[in-house]
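What follows is a set of notes on a single structure, which appears directly below.
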Amino acid sequence: MKVLSHILAIVVGALAAEGFTRATIEPDAIFEIAFSPGAQSYDDELGMVYTPNFDGYMRHPDGVWAEPIHLDENGFRPFTRTGPDLPGDPTRVAIISGRSMTMCYGLPDEKTIQSFMVKEAKRALEVHNTGWAGIDPYRAWHFFLRTLDKGDPFDVALFAINPGSFAPYATLPAGFEHVPRHPDADRFFYMMPGNIRMPKDALEDWMGPNYFRSYVLYGLLRYRQFPLEWWADAKRWVAKLRGEERAPAAEPVEDPAEIELGKRRFAEFFLHMQRHFAKRGTRFGVVFLVSFKHPVDCYDDFAAAMPPGVPFIDLQKRLRPEMDPRNAVALGHYGERQSRLVAEALNEFVDELLDMPVPEEGDE
Numbered sequence: 000m001k002v003l004s005h006i007l008a009i010v011v012g013a014l015a016a017e018g019f020t021r022a023t024i025e026p027d028a029i030f031e032i033a034f035s036p037g038a039q040s041y042d043d044e045l046g047m048v049y050t051p052n053f054d055g056y057m058r059h060p061d062g063v064w065a066e067p068i069h070l071d072e073n074g075f076r077p078f079t080r081t082g083p084d085l086p087g088d089p090t091r092v093a094i095i096s097g098r099s100m101t102m103c104y105g106l107p108d109e110k111t112i113q114s115f116m117v118k119e120a121k122r123a124l125e126v127h128n129t130g131w132a133g134i135d136p137y138r139a140w141h142f143f144l145r146t147l148d149k150g151d152p153f154d155v156a157l158f159a160i161n162p163g164s165f166a167p168y169a170t171l172p173a174g175f176e177h178v179p180r181h182p183d184a185d186r187f188f189y190m191m192p193g194n195i196r197m198p199k200d201a202l203e204d205w206m207g208p209n210y211f212r213s214y215v216l217y218g219l220l221r222y223r224q225f226p227l228e229w230w231a232d233a234k235r236w237v238a239k240l241r242g243e244e245r246a247p248a249a250e251p252v253e254d255p256a257e258i259e260l261g262k263r264r265f266a267e268f269f270l271h272m273q274r275h276f277a278k279r280g281t282r283f284g285v286v287f288l289v290s291f292k293h294p295v296d297c298y299d300d301f302a303a304a305m306p307p308g309v310p311f312i313d314l315q316k317r318l319r320p321e322m323d324p325r326n327a328v329a330l331g332h333y334g335e336r337q338s339r340l341v342a343e344a345l346n347e348f349v350d351e352l353l354d355m356p357v358p359e360e361g362d363e
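Per numbering that gives the first Met the number 0, the sequence shown starts with residue 0, numbered consecutively.
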């Protein structure tokens, strides 16, 4: 009976602690989320999507304040359209992919790339931006097919990519008709960087999403990490005193065969998209986005692998020298002036694409 009483007391105490913690601490103070709760939803095909018609905020990493965000019926930031002062039907532009850089994380609606595009446009313009933080280009493409591509054809489609390796393209399926199951599909939603922090050790990783369901459990495990971190720091300090400090880990060596396959899939993927849009009478172009963490020539390999006849613009070479990273927001995302510069360059690229003929469906 005494054992049962002890167990009951522990359970009641844990529930009381959980209730008190939930009543006194904001959820985002615990989970360190980049968006207010509910911004993201599980999706069987893609692993995660942004919640349609979501109203909330971005928790700005530059400070403890919130930037409001509204998502439309597809979960994208709202499209923008020029006012009636520019006559004629608007040129419809889609910006696809680009992760958090095109999503303009940290900026309000009136300072996003699409907003500046319509403000600076010399023609009537309507811009839809499907950029989503944390979503890779292939999944971004398939969600575009599922949503905006079902409506009226766009006049111009811009596919935005970030610096990286050819290796991820090697995993794309031939034909590009389906989305392969994500290797971490069972916990993909829980691992998304915009949702909650990544697990730090094996115990948290083993527990998966359950780790975040209890404030008390989360706090206990966080405290458990402190002595582990202190012990690791102490071992590094002793090794440094003894002159036994480890050399930095070598960069992983990429498999040449995988890279060659990735280059072929890369070229085939962009040709596939160009042909898809050609059937709809849409001009297609690729945008290499500005990155503050990479050198000016970081897209040279991508540019060399781009199929002939697929237009692209390298914003890294064009804009990076005049962009001061100190003006960035939210840990390296475009600030207001940088968003405007990208928008102006994209408007010029749109004009160039509109002057080109739509390629034949079989053109390469």
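Beta carbons are placed, not taken as given, at the ideal position from N, Cα and C, and that holds for glycine.
- Excluding its 5 nearest sequence neighbours in each direction, residue 152 has C-beta neighbours in its own chain below 6 Å: 279, 280, 281, listed in chain order.
- Contact annotation, residue 107 with residue 66: C-beta distance approximately 6 Å; criterion of less than 8 Å satisfied.
- Taking the C-beta atoms as reference points, residue 312 is found nearer than 8 Å to residue 284.
- Residues 51, 52, 77, 78 of the same chain have their beta carbon placed closer than 8 Å to that of residue 71, with the five preceding and five following residues left out of the count.
- Residue pairing by DSSP puts residue 128 in a beta bridge opposite 94.
- For the segment 31-75, the continuous beta strand (DSSP E) assignments of 3+ residues that do not extend past its boundaries occur at 39-42, 46-49, 54-58, 65-69, in sequence order.
- For residue 261, the enclosing alpha helix (DSSP H) starts and ends at 255-278.
- Per DSSP, reduced to three states, the secondary structure at residue 312 is strand.
- The alpha-carbon of residue 318 is positioned some 17 Å away from that of residue 349.
- Between the beta-carbon of residue 327 and that of residue 337 there is about 7 Å, and that keeps the pair under the 8 Å contact cut.
- Under DSSP, the beta-bridge partners assigned to residue 156 are 93, 283.
- Measuring C-alpha to C-alpha distances from residue 155 to each of 149, 94, 180, 238 identifies 94 as the nearest.
- Exclusion of the five residues before and after residue 125 leaves 80, 89, 91 as the residues of its chain whose Cβ lies within less than 6 Å of its Cβ.
- Taking 8 Å as the cut-off, the Cβ atoms of residue 48 and residue 175 do not count as close.
- Within a 10 Å sphere around the beta-carbon of residue 41 sit fewer than 16 other beta-carbons, which makes this residue exposed.
- In the three-state reduction of the DSSP assignment, residue 111 falls in the coil class.
- Between the beta-carbon of residue 136 and that of residue 96 there is about 5 Å, and that keeps the pair under the 8 Å contact cut.
- Taking residue 46 as reference, the option from 300, 138, 269 with the minimal CA-CA separation is 138.
- In the displayed model, residue 241 falls within coil according to three-state DSSP, outside both helix and strand.
- Assigned with DSSP and collapsed to three states, residue 332 falls in strand.
- Within its own chain, the residues whose Cβ lies closer than 6 Å to the Cβ of residue 286, once the five positions on either side in sequence are excluded, are 157, 159, 312, listed in chain order.
- Per the coordinates, the alpha-carbon of residue 334 lies some 59 Å from the alpha-carbon of residue 4.
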